[in-house]
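The numbers in UniProt numbering rise by one with no breaks, and the one at position 104 of the sequence shown is 104.
Here a beta-carbon is modelled for each residue, glycine too, at the ideal position from N, C-alpha and C.
Remember, predicted model here, so these are calculated numbers, not experimental data.
Reading through the structure tokens given below for one structure.
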Amino acid sequence: MPTLYEISVPIFTRALRNLDHLLEKAAGSGIDEQSLLEARLSPDMLPLTRQVQIACDTAKLAVTRVAQTEPRPMEDTETNLTELRDRIARTLAYLNDAAPAAFDGRETAEIIMKFPNSEMKFTGQSLLTDFSLPNFFFHVTTAYGLLRMKGVPIGKMDFLAGGSGGS
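In structure tokens, the structure reads:
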């Protein structure tokens, strides 16, 4: 059976590398950068900038909560694609520092996420499988959709394999 580390950190890492590839292609597309950053699928949805920020935060906070590591705060100050790519790089560095052993035995540990008016209770495993991974991929997929919508020349293999066509 895969460990909590194996079902989280490598998956977050691969998808963030692919997201970085998407942003690299966006930067080289010649499409107005500000229009990309502000793109929304619907007026009540968050723009591309926030989609990338939240994807990074979701991966980072999943590791922080399950492995009980020290969080590395990241301010939401990115204003261009280069800064968003730097945020992804910082998130990848954080994930790279995660020790697999820190996840051991955390499958049934209670994890409580507090919000202003409520809280959600999870086990270590359910936090990853029922909240963090789905939420993470929601934001990565939305970022992909926004870039496609704006005309960035990307396809399914860019999303799945960072354009490498394989592993």
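Taking a C-beta distance under 8 Å as the contact criterion, LYS114 and ILE31 do not qualify as a contact pair. DSSP, reduced to helix, strand and coil, places PHE115 outside both helices and strands of the structure shown, so it counts as coil. Only residues of its own chain outside the window of five on either side were considered, and among them none has a CB closer than 7 Å to the CB of ASP97. Taking a cut-off of 8 Å on C-beta distances, the region 129-144 touches the region 8-15, as three or more cross pairs fall below it. Between ALA67 and LEU127, the CB-CB gap reaches or exceeds 8 Å. For THR69, the secondary structure class from DSSP, reduced to helix, strand or coil, is coil. Taking 8 Å as the cut-off, the Cβ atoms of CYS56 and ARG17 do not count as close. Between the alpha carbons of LYS156 and SER42 lies a gap of roughly 22 Å.
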